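Visitor:
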Amino acid sequence: MGTLPQPAIVKGQLCPLETTLLHRTFETNVDQFCGTDTAIIYNDERRGELQINYNVLNSTANRLAAAALNRIKDHFRSPANNDGDHIVAVCMHPTDRLVTMLLAIWKAGAAYLPIDPTFPPNRIQHILGEAKPVLVVYDDDYDNAAIFGKTPAISYAELRKRASDMSNANIRPDAMLGHGESQLALVLYTSGSTGVPKGVRLNHETILNRLQWQWDRFPYSPTERVGVFKTALTFVDSVTEIWGPLLNGMAIIVVPKKITNNPERLVELLERYRIERLVLVPTLLRSLLLYLPLQQQANGGTKLLYNLRTWVCSGEPLQISLAREFFDYFEEGVHELCNFYGSTEVMGDVTYFVCESKRQLDNYEKVPIGYPLNNTVIYILGPNLHPVQAEEIGELYVSGLNLAEGYVNGRDRDRFIDNPLSIDPAFARLYRTGDYASVSKGCVYYQGRTDSQIKIRGHRVDLSEVEANLLGLPGIDKGIVLCYHAGEVDQALLGFVTLEPNSHYQTGLQVEGALADKLAHYMIPQVILLESIPLLVNGKIDRQTLLKMYENTNNNDDSEIEIEYDYSDVPVSQLAVAKDLFETVGQVIGRSTRAKICLSSNFYELGGNSLNSIITVTKLCGKGYPVSITTFIGANNLGEILNKICADERELKLCKFDDEPNTKERLTPSFDYRMQLTAYPLALEHKKDTIDIITSSFFEKADLEQWLKPQIYETDYKDILEDIWLVLIEKGLSFIVKDETGRSVGVSLNFDARDEPEVTVTSKLIIVFEFLEFVEGPIRDSVLPEGVNQILHSFMMGTCAELSAQENIETMHFMESEVLKLAKRRNFAGIFTTNTNPLTQQLGSNVYHYETMLDYQVNQFVYSADGSRPFAAAPNSQRAVVHWKDIRQQ
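Quick note on the numbering used here: the sequence shown kicks off at 2 and runs consecutively.
#1: Give the DSSP-derived three-state secondary structure of Tyr551 in the structure shown.
#2: Any heavy atom of the ligand MG inside 6 Å of the beta-carbon of Met550?
#3: Touch check for the segment 7-17 and the segment 225-239: three-plus C-beta pairs under 8 Å?
#4: Would you grab the beta carbon distance between Thr834 and Asp704 for me? Rounded to a whole angstrom, and I think it's under 8 Å.
#5: Quickly, what does DSSP pair Val74 with across the bridge? List them, please.
#6: Report the residue from Gln527, Pro198, Asn59 and Asp38 whose alpha carbon sits nearest the alpha carbon of Ile590.
#7: Jot down the residue ranges of each uninterrupted beta strand (DSSP E) in the segment 228-298, minimum 3 residues, whole runs only, in chain order.
#8: Locate the beta strand (DSSP E) running through His794, then write down its first and last residues.
#9: Looking at chain D, is there any beta carbon in it that lies within less than 7 Å of the beta carbon of Lys258?
#10: If you drop the 5 nearest sequence neighbours on each side, which residues of the same chain put their C-beta closer than 6 Å to that of Asn73?
#11: What are the start and end residues of each continuous beta strand (DSSP E) run of 3 or more residues lying completely inside the segment 14-78, in chain order?
#12: In angstroms, rounded to a whole number, what distance separates the CA positions of Tyr506 and Phe331?
#13: Determine the direct distance from the alpha carbon of Ser288 to that of Tyr437, and round the result to whole angstroms.
#14: Apply the 10 Å Cβ neighbour rule to Phe149 and answer buried if 16 or more other Cβ atoms are within range, or exposed otherwise.
#15: How about Ile41 and Val89: are their beta carbons less than 7 Å apart?
#16: Below 8 Å on the Cβ atoms is my guess for Val237 versus Gly349; work out the distance and round it to an integer in Å.
#17: Less than 8 Å between the CB atoms is what I'm expecting for Leu793 and Asp753, so what's the real figure, rounded?
#18: Does the contact criterion of 3 or more C-beta pairs under 8 Å hold for the segment 425-432 versus the segment 400-412?
#19: Quick one, are the C-beta atoms of Asp570 and Leu600 less than 7 Å apart?
#20: DSSP on Val188, reduced to helix/strand/coil?
#21: From the DSSP output, read off the bridge partner residues of Glu333.
#22: Between Ile694 and Lys304, what straight-line distance do the alpha-carbon atoms span, to the nearest angstrom?
#23: How would you label His850, buried or exposed, when you count the other beta carbons within 10 angstroms and need 16 or more for buried?
#24: Once DSSP output is grouped into helix, strand and coil, what is the label at Thr499?
#25: For the segment 466-474 against the segment 272-291, are there 3 or more C-beta pairs whose distance is under 8 Å?
#26: Using only the alpha-carbon positions, how far apart do Tyr681 and Ile730 sit?
#27: Give the range of the alpha helix (DSSP H) segment to which Val586 is assigned.
#28: Using the three-state DSSP reduction, which class does Pro134 fall into: helix, strand or coil?
#29: Here's the rule I'm using: 16 or more other beta-carbon atoms within 10 Å means buried, otherwise exposed. How should Phe354 be labelled?
#30: Quick check on this structure: which residue in Tyr372, Val282, Ser344 and Gln298 has the alpha carbon closest to the alpha carbon of Arg218?
#31: When DSSP builds the beta bridges, which residues end up paired with Cys647?
#32: Using the three-state DSSP reduction, which class does Arg461 fall into: helix, strand or coil?
#33: For Asn410, which three-state DSSP category applies?
#34: If you draw a straight line from the C-alpha of Glu206 to the C-alpha of Tyr43, how long is it?
#35: Quick check: the Cα distance between Ile481 and Val389, rounded to an integer number of angstroms?
#36: The alpha helix (DSSP H) spanning Met102 covers which residue range?
Structural data, given as structure tokens:
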């Protein structure tokens with residue numbers, strides 16, 4: 002007998018859901034178990050690292066909610082918009098203040114609506130005009146508040162000022178908007194199929210269903226105390242990144258975009274806080290998998306991110322080749338790679354698949370999108386809404402508790418429809434995803450889009466929206482927007498256009514510049530100007546010919562790339578290096594190169610992106626040019642990168658003379674000071690500046706302290722300096738450095754090594770002090786000159802956090818020279834110091850000619866109090882170098 006055909010319907014586990022407003026759950030947790038625990042960690046360039054506990058977060062949010070309610074009553078509308086929703090928009094960059102404001106909005110009885118401060122004006126005006134928020138809260142430094150028009154708006158600083166006199170008690174329902182009965186939690190705007198962005202309305206129950214599934218299927222481990230909030234607030238994954246940890250009594254670290262876009266700094270942060278799970282788009286995963294092996298090699302074989310056990314890819318199709326590469330680096334059975342599928346309309350995710358090993362992946366031709374979440378049903382339907390059979394391709398529909406309420410103003414009603422296949426009220430609606438899919442053995446496979454929507458770095462982009470804005474530009478005649486190799490590494494968004502006879506545009510780059518005022522940066526296509534657009538016999542645009550034209554004229558085969566290189570301004574001494582640099586950039590960018598490559602070319606304006614910047618650095622390193630990723634990403638043009646490479650080469654050549662006699666002077670580079678610096682003996686009036694500089698230098702940047710976070714705090718440094726402040730002044734061996742404007746830019750704290758004050762340390766910094774005594778004590782007591790006034794101990798040296806890299810180097814060099822002058826003036830035998838930073842270690846050995854007394858691997862240190870290894874997570878390459886400079890013969 003044969004088997005009966007199986008309809009392509011897959012059901013997730015049914016689980017009871019006790020519905021509650023999420024901020025009420027937060028308040029209950031604060032009262033019951035987590036009030037004094039850290040809730041938010043944020044590294045602010047001006048304020049240092051902030052750690053806010055749950056009690057403070059709850060109280061501040063309550064005050065902000067009360068102040069917002071008072072502000073809203075000044076311009077109250079009821080109902081607030083056409084859907085009867087009360088919405089508060091937030092136009093703020095990711096900081097601790099943003100998270101506090103989101104909680105406050107919920108406590109006020111409203112839903113939050115994120116507006117990215119970088120959005121172009123027309124997009125912001127459309128969102129405000131359609132969603133009709135009762136209030137906009139914006140960043141203090143946002144310089145375009147006029148764009149909000151008639152919508153009531155207030156800066157966070159002003160709202161916080163008004164909140165200072167408010168009660169910190171939880172807001173009562175009768176004081177909230179809508180008496181606290183609204184289930185709407187947030188509104189997220191996505192790219193619209195009609196070319197106009199549309200807002201998705203998500204309620205508390207929907208978010209809770211998604212979170213409860215996550216907590217059950219991927220529970221937080223006993224050692225997992227910090228989560229990462231790095232996804233843009235306008236992207237749905239931010240919801241689970243923020244509220245998943247905060248509703249479980251964990252901390253979240255708020256990660257600025259500039260760190261998220263820099264693999265070097267992102268990995269450093271993930272290591273420092275021992276992050277155990279991360280959500281990212283496959284594009285970023287590919288960047289990290291390029292970067293991590295380089296770091297492993299540099300660290301003597303030590304792998305980074307071992308603690309990061311759960312990796313979640315979403316937002317773009319996960320290529321099976323990338324999944325296999327994951328297990329080339331990460332250990333099977335310890336680390337897992339998850340593929341989540343969904344969209345904003347279904348709270349981000351409705352299916353999931355866990356990749357556990359290469360052997361498992363050998364059974365698949367593509368990575369599945371997997372199995373439904375709890376209280377979710379996946380239907381693969383034909384045009385008549387009848388289920389197709391297993392193994393057949395149909396359109397994917399979703400039903401269950403993960404569905405949004407719909408769109409703002411009831412737009413696109415055909416996307417949310419009645420479910421003719423279920424009588425259960427919990428599954429009464431269907432969401433039409435617009436994706437093709439199939440089911441095999443209960444597992445769902447993604448098979449592409451039914452319309453013009455694509456994903457770019459996790460953002461959903463509708464080609465029709467891009468096309469509508471492109472064709473709306475004056476001077477554009479005809480055109481079409483296409484995606485080349487959607488979902489693949491070389492994916493490119495392309496706009497093919499013809500111009501009107503009197504058009505002022507002369508290049509595609511000029512058209513792209515005009516689009517920057519209308520579209521988000523990730524939506525701007527590479528514009529290609531044509532004399533005419535090819536058509537099929539039926540009169541429709543020949544899309545395949547256009548894509549083939551792009552591929553043929555920009556092929557990655559070196560022999561076929563027609564890239565113009567301009568070396569006219571390159572100094573003769575740098576020409577060989579410039580050729581390597583320019584040609585490497587041309588080879589990597591390849592078919593995306595948009596202009597000739599020269600000294601003034603910006604990598605990203607040429608067509609580069611965060612992924613191929615990593616590839617470029619990898620290739621340059623392979624050619625012997627050790628340019629760092631941070632340097633490459635931060636450079637304004639290729640000329641800066643070329644100068645850095647050549648400067649490094651010169652320094653490397655200087656270092657080769659290290660073992661030759663009488664050549665020490667050749668090792669010392671010259672310093673052309675741009676700053677006018679002056680050293681002043683430490684005095685009472687310098688106390689605040691000294692504490693600020695030392696705290697920012699050591700709490701934010703010190704190499705040892707990073708492994709102790711979050712157990713140490715900014716105030717720990719202040720307490721120590723308060724304890725020894727008068728002694729520092731009395732001894733007269735410390736100084737502060739000011740620039741020509743009177744700004745304090747550096748501090749050097751020094752003692753006589755035989756006459757140091759006793760310091761009472763009650764914080765976890767005691768571990769650092771014990772470590773320093775462990776490496777320094779035997780050398781000081783057994784090797785160096787005996788008696789007082791013999792050893793000047795360079796105890797702490799820090800620079801102002803606001804300095805540029807150039808200014809920082811200048812200030813450090815100036816302080817080193819001042820310490821040397823001080824030691825000679827006071828007749829010390831020499832200078833004694835310990836360096837834990839690779840830069841200061843190299844400067845100490847190769848520039849300032851200190852003698853290395855000990856080179857110690859920091860992860861080997863055992864803390865005497867409990868026998869632990871507090872720096873165990875540090876790579877083998879992280880060292881502490883104890884230096885001595887004998888100045889008696891100078």
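Glycine included, each C-beta is placed from N, C-alpha and C at the ideal position.
Source: prediction; values computed, not measured.
Guide: Quick look at the numbers:
#1: Assignment of Tyr551 by DSSP, reduced to helix, strand and coil, places it in the helix class.
#2: Looking for the ligand MG in the displayed structure turns up nothing, as the structure carries no ligands at all.
#3: Too few Cβ pairs lie closer than 8 Å, so no.
#4: Their Cβ separation, rounded to whole angstroms, is 14 Å, which puts Thr834 and Asp704 out of contact at 8 Å.
#5: Note that residue 74 is Lys in the sequence shown, not Val. Secondary-structure assignment with DSSP links Lys74 through no beta bridge to anything.
#6: When only C-alpha atoms are compared, the closest one is Gln527.
#7: Inside the segment 228-298, DSSP marks whole beta strand (DSSP E) runs of 3 or more residues at positions 252-255 and 278-281, from first to last along the chain.
#8: Under the DSSP assignment, His794 falls in the beta strand (DSSP E) whose first and last residues are Ile792 to Thr800.
#9: Absence of chain D from the displayed structure is noted, only one protein chain being present.
#10: For the record, residue 73 in the displayed sequence is Ile; it is not Asn. Excluding sequence positions up to five before and after Ile73, its CB lies within less than 6 Å of the CB of Val135 and Leu136, all in the same chain and listed in chain order.
#11: Taking 3 residues as the shortest admissible run, the segment 14-78 contains the following complete beta strand (DSSP E) segments, listed from N- to C-terminal end: 39-45 and 49-54.
#12: Whole-angstrom Cα-Cα distance: 50 Å.
#13: Answer to the nearest angstrom: the Cα atoms are 28 Å apart.
#14: With 16 or more Cβ atoms within 10 Å of its Cβ, Phe149 is classed as buried.
#15: Cβ distance not < 7 Å, so Ile41 and Val89 don't count as in contact.
#16: The beta carbons of Val237 and Gly349 sit about 4 Å from each other, so the pair counts as a contact at 8 Å.
#17: That pair is a contact at about 7 Å.
#18: Verdict: yes, contact present.
#19: In this structure, Asp570 lies near Leu600, with their beta-carbon atoms less than 7 Å apart.
#20: Secondary structure of Val188 (DSSP, three-state): strand.
#21: Its beta-bridge partners are His336.
#22: Taking the straight line from one Cα to the other gives about 33 Å.
#23: Label assigned to His850: exposed.
#24: Here Thr499 sits in strand by DSSP.
#25: The answer is no - the segment 272-291 does not touch the segment 466-474, with fewer than three Cβ pairs under 8 Å.
#26: Whole-angstrom Cα-Cα distance: 11 Å.
#27: Counting along the chain, the alpha helix (DSSP H) containing Val586 begins and ends at Leu576 to Ile590.
#28: Looking at Pro134 - three-state DSSP - the assignment turns out to be coil, as it is neither helix nor strand.
#29: Under this definition Phe354 is a buried residue.
#30: Nearest option by C-alpha distance: Tyr372.
#31: In DSSP, Cys647 forms no bridge with anything.
#32: Strand at Arg461.
#33: In the structure shown, Asn410 falls within a helical segment according to DSSP collapsed to helix, strand and coil.
#34: Whole-angstrom Cα-Cα distance: 29 Å.
#35: Roughly 34 Å between the two C-alpha positions.
#36: Taken as a continuous stretch (DSSP letters only), the alpha helix (DSSP H) holding Met102 covers Asp97 to Lys108.
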